[in-house]
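Report on the following structure.
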Amino acid sequence: MEQKVEKRQRISTLGQIGLQQFAPYLMNRIMGRYNATLRDDFRKQGLTIPQVRTLAVLSVTDGVTVNDLSVYTVIEQSTLSRTLDTLEGQGFVRREQGVTDSRIRHVFLTDDGRAEFARAWPAMHDAFEAMFDDIDDAEYAALIATLQKMLKNIRKHDI
């Protein structure tokens, strides 16, 4: 039998909730700090946050459509298009026409792109580890489960 989760009491103002209790604010601040930590390292490699985010997704899910890549990377399509133009010019990705629909483009990571992401990964992993310092495995698992539920609640795409 499914247990219904009790809804939080409706609070009418952000001031009543407070910034330190408002999850969207905290998540945005955390990701802003994570990206800022990485920005200088990536700049030395000649990369931007959107470029590395694109390489990261393709390192795990290669050959996705541009539309799906936009969802996975959380990058607007116009910005992603420019990002892909740059990455393709650097030889890090290639775009291929869809087999059944020529309007669809699939994006693939090249060997050079995989090597470039491998150079970026240590800084990403170090920042990830620092973010979760003093957080044990059970807390981490609970956080991931909660974030996945939240994504399911708000998601507009199947991915």
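In full-length UniProt numbering, the protein residues as written are 1 to 159. No residue lacks a Cβ here, since even glycine has one placed at the ideal position from N, Cα and C.
- Shown here, T65 sits in a strand according to DSSP, grouped into three states.
- Check the Cα spacing between T86 and each of N28, S12 and I49: the tightest is with I49.
- For E76, there is no enclosing alpha helix (DSSP H), since its DSSP letter is neither H nor E.
- Within the UniProt domain "HTH marR-type" (20-152), complete beta strand (DSSP E) segments of at least 3 residues are found at 93-97 and 105-109, given in chain order.
- With a 10 Å radius around the Cβ and a threshold of 16 neighbouring Cβ atoms, A23 comes out exposed.
- Contact between the region 135-144 and the region 33-46 is absent, with fewer than three C-beta pairs closer than 8 Å.
- Under the criterion of beta carbons closer than 8 Å, V64 and H106 qualify as touching, at roughly 7 Å.
- Sequence-distant Cβ neighbours of V52 in its own chain, meaning closer than 6 Å and more than five residues away, are F42 and A120.
- Annotation: L19 to T13 spans about 11 Å, alpha carbon to alpha carbon.
- Using a Cβ distance threshold of 8 Å, L38 and M124 count as a contacting pair.
- With a cutoff of 8 Å on beta-carbon distance, F117 and L55 are scored as near each other.
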